[in-house]
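Trainee:
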Amino acid sequence: MHQYEHVLNGYSGTFDNSLLEYIRQSPAIKYVERNHIYTTATTQYNSTWGLARISRRKKIADIINLKFEHESRGGNGITVYVVDTGINTNHIDFEGRASWGTNVIINEGSIDGNGHGTHVAGTIGSKTYGVAKKAKLVAVKVLNTQGQGDVAGVLKGLDYVVKANLIEQNHAVISGRAPQRMMAFPELLQLMVLLLLLLLGIQIKMLVITLNVFS
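Quick note, the sequence shown lines up with residues 1 to 215 if you use UniProt numbering.
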């Protein structure tokens, strides 16, 4: 436990849930924040241009000797659900961190016959091309080998993600209706909006890959 007097007025320590709640309710406490671990940065040499670019603010001058400067523990403790065509979980670049969550496509097995989902997962967390190289990756297959799927299937995939996380966060609650501007959309899309709001409510960040076509 540490007490601080100069950089700020406060203290740190390890507390159980009841004591933590008591501290939060105290009028003398402005905020409570979880402790974080910092590690030294590491460098991936001969990286892709994209990785090199996101690790610096200024434009890259040397496009030959590209390097990705990042935290060595990046993604550690994070689980990413890839709602797509599946993931080739056996790919060596995933280092055993990729697994199957669910497959809602009838008559197709738990494989990525298209490659799009594996590509997305690789950009997220593969050893060579990933941004968060220590993240766990979970395949949620809602698109078939042709890269096609429907709203009902996507809803089922998102429903799985919510259920998987409500097991650990059963206090999460969502209420109310979809935003008024969504009322003009079909009912299934309104349900999707509610699911997305629920995901946000249990601290799950949603990343939507662009250039997907809806018809």
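Beta carbons are placed, not taken as given, at the ideal position from N, Cα and C, and that holds for glycine.
Predicted, not measured: the structure shown is a model, and the values here were computed from it.
Could you give the C-beta distance for residue 134 and residue 79, rounded to a whole number, given that I count them as a contact under 8 Å?
Mentor: At roughly 11 Å, the Cβ-Cβ gap does not stay under 8 Å, so residue 134 and residue 79 are not in contact.
Trainee: In angstroms with no decimal places, state the Cα-to-Cα distance between residue 127 and residue 153.
Mentor: 30 Å
Trainee: Does the beta-carbon distance from residue 141 to residue 86 come in below 7 Å?
Mentor: yes
Trainee: Report, in whole angstroms, the separation of the C-beta atoms of residue 82 and residue 117, which I expect to be a contact under 8 Å.
Mentor: About 6 Å separates the beta carbon of residue 82 from that of residue 117, a gap short enough to meet the 8 Å contact definition.
Trainee: When the Cα of residue 73 is compared with those of 165, 1 and 125, which residue comes out closest?
Mentor: 125
Trainee: Any idea what DSSP makes of residue 138, helix, strand or coil?
Mentor: strand
Trainee: Buried or exposed: which applies to residue 88, given that a residue is buried once 16 or more other Cβ atoms fall within 10 Å of its Cβ?
Mentor: Buried is the call here.
Trainee: DSSP state of residue 174, grouped into three classes?
Mentor: Confidence in residue 174 is poor, its pLDDT being 35 and thus under 50, which makes the residue's placement unreliable; the coordinate value appears in the next sentence. Correct three-state label for residue 174: coil.
Trainee: May I ask you to report which of helix, strand or coil DSSP gives residue 180?
Mentor: Per-residue confidence for residue 180 stands at a pLDDT of 48, beneath the threshold of 50, marking its modelled position as unreliable; the derived number appears in the next sentence. Three-state DSSP puts residue 180 in a helix.
Trainee: If you draw a straight line from the C-alpha of residue 25 to the C-alpha of residue 33, how long is it?
Mentor: 14 Å
Trainee: Pull up the CB-CB distance for residue 145 and residue 114, whole angstroms please, since I reckon it's below 8 Å.
Mentor: Between residue 145 and residue 114 the beta-carbon gap is near 5 Å, inside 8 Å, which marks them as a contact.
Trainee: Quick one: using the 10 Å Cβ neighbour count with 16 as the cut-off for buried, is residue 28 buried or exposed?
Mentor: Exposed, because fewer than 16 other Cβ atoms sit within 10 Å of the Cβ of residue 28.
Trainee: Under the DSSP definition of a beta bridge, which residues are partnered with residue 43?
Mentor: In the DSSP output, where bridge partners are listed per residue, residue 43 has 69.
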